[in-house]
Structures are given as C-alpha cells and as structure tokens.
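These notes concern the structure reproduced below.
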Amino acid sequence: LDLKRTGHITRGEMRCFFRGFGHPETVADRVFDLLDEDHSGEVDFQSFISHFERVLGPTFRLAQRNPIIPVRDSRLRKEVDDIAKALLDRLNTKYKNVQEAFRAVDLNKDGKVSQHEMRVFVKKLGMSMDAADKFFHALDPDSHGYVMYNNFIQLFGGISRGDKTHDATLRRLN
Numbered sequence: 009l010d011l012k013r014t015g016h017i018t019r020g021e022m023r024c025f026f027r028g029f030g031h032p033e034t035v036a037d038r039v040f041d042l043l044d045e046d047h048s049g050e051v052d053f054q055s056f057i058s059h060f061e062r063v064l065g066p067t068f069r070l071a072q073r074n075p076i077i078p079v080r081d082s083r084l085r086k087e088v089d090d091i092a093k094a095l096l097d098r099l100n101t102k103y104k105n106v107q108e109a110f111r112a113v114d115l116n117k118d119g120k121v122s123q124h125e126m127r128v129f130v131k132k133l134g135m136s137m138d139a140a141d142k143f144f145h146a147l148d149p150d151s152h153g154y155v156m157y158n159n160f161i162q163l164f165g166g167i168s169r170g171d172k173t174h175d176a177t178l179r180r181l182n
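Residue numbering for the sequence shown follows the working numbering, beginning at 9 and increasing consecutively.
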C-alpha cells in the first residue's frame with residue numbers, strides 16, 4: 009500500500025494489496041469506493057489504517073520501509089527504487105501473479121531474463137532503456153548477465169513459499 013509513499017493509496021495499490029490476500033479486484037474496488045469519500049481517486053493512508061488497524065495490527069503502521077531492491081551504489085538507490093515502484097505498479101495491475109509476469113518477460117522461455125528481454129519488457133510498459141538497464145543491473149548485482157526467477161520475484165513480495173504453483177515453477181526453472 010502507498011507504494012509511492014505519498015500518504016495516499018491509489019486504486020491499483022488497493023487492488024494489489026487485496027490480491028495479496030486472495031481477494032478479487034471487485035472486493036478491492038468496493039473497499040476503495042467506500043473509503044474514497046471525496047471521489048478524488050485516492051484514499052488517505054491514515055484513513056485506511058484507522059479502518060483496518062484492528063485487522064492488520066499496530067505494527068503495520070510502523071513497518072519499516074526498505075528499498076524494494078537493495079542497491080550497493082547509494083547514488084542509484086533512490087532512482088532504482090523509483091523505477092521498481094513504477095514497474096511494480098504497472099505489473100501488479102497488468103498481471104495476475106508473478107509467474108504470469110515472469111513468462112511475459114522471459115521471451116525465449118529459458119528460465120532467466122537477459123538484458124535485452126528486460127529492455128523489451130520495460131519499453132512495452134512505457135519506460136526508457138536507461139530505466140531498463142538500471143533495473144536489470146540492480147536485479148543482477150553480480151553481473152551474471154541474466155536475472156533468475158528467484159531474483160525477479162523479489163520485486164513482487166507476498167509470494168508464499170507454500171504455494172504449490174510457485175514451488176513447481178522454481179523446480180522447473182532451477
């Protein structure tokens with residue numbers, strides 16, 4: 009929630025949040041519409057918390073916000089985090105799950121993402137080649153020249169290790 013850290017929650021962020029708990033978009037949309045009292049297209053984060061703190065617990069409000077993808081170079085950290093947030097927002101509204109997104113990026117279906125594949129994918133999402141390259145290098149910090157499925161799913165979070173589809177995909181790709 010509040011992926012852009014603006015203090016407001018967008019409809020896409022709300023959908024992503026509810027999807028993580030297994031609820032369909034219709035549920036997220038109904039909750040969003042109820043909380044968007046001024047019809048601004050955004051829900052105040054504090055207002056959301058005031059309604060759901062009993063369910064989520066007080067630690068949810070105080071949770072530390074780490075970078076989406078850790079980057080060694082402090083100069084690039086914020087830029088890569090901003091790119092990751094933008095991609096995450098687009099991916100979460102376009103794909104049902106991490107497997108579907110990975111299949112869309114892995115054009116040659118070899119179980120890993122090359123820099124070229126990342127460029128093609130990011131361009132389709134309306135972002136620059138520079139953004140694609142920075143994002144790719146952040147996911148490939150050891151310069152292997154590719155991003156494995158495990159590294160890719162770090163972007164999505166919330167994927168349960170007990171998920172049989174996820175486990176089967178990992179076994180197939182490793």
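Note that beta-carbon positions come from the ideal geometry of N, C-alpha and C, so glycine has one too.
Quick caveat, the model's predicted, so the values are computed rather than measured.
How far does the alpha helix (DSSP H) with residue i in it extend, from its first residue to its last?
i	result
residue 145	137 to 147
residue 34	33 to 43
residue 29	Residue 29 -> no alpha helix (DSSP H), and no H or E assigned at all.
residue 116	Note, residue 116: premise wrong, no alpha helix (DSSP H); not H, not E.
Starting from the C-beta of residue i, find all residues in its chain whose C-beta is less than 6 Å away, skip the five residues before and the five after it, and write them out in chain order.
i	result
residue 140	126, 127, 130
residue 44	51
residue 36	22, 23, 26
Output the boundary residues of the beta strand (DSSP E) element that contains residue i.
i	result
residue 103	Here residue 103 belongs to no beta strand (DSSP E), and DSSP marks it neither H nor E.
residue 120	120 to 122
Please state if the CB of residue j and the CB of residue i are separated by a distance shorter than 8 Å.
i	j	result
residue 88	residue 143	yes
residue 50	residue 18	yes
residue 15	residue 97	no
Answer with buried or exposed for residue i, where buried requires no fewer than 16 other C-beta atoms within 10 angstroms of its C-beta.
i	result
residue 25	buried
residue 73	Annotation note: pLDDT 48 at residue 73 (below 50); position unreliable, coordinate value reported separately. Residue 73 comes out exposed.
residue 56	buried
residue 42	exposed
residue 114	buried
residue 40	buried
Nearest CA to the CA of residue i: which residue from the options?
i	options	result
residue 121	146, 86, 105, 46	146
residue 249	53, 15, 86, 105	Look at the range of the chain in this structure, 9 to 182, and you will see that residue 249 is not part of it.
residue 134	114, 118, 91	91
residue 10	93, 132, 136, 118	93
residue 137	149, 124, 114	124
Using a Cβ-Cβ cutoff of less than 8 Å, which residues in the same chain neighbour residue i once the five nearest sequence positions on both sides are dropped?
i	result
residue 103	109, 112
residue 84	142, 146
Excluding the 5 residues preceding and the 5 following residue i in the sequence, name in chain order all residues of the same chain whose CB lies nearer than 7 Å to its CB.
i	result
residue 33	23
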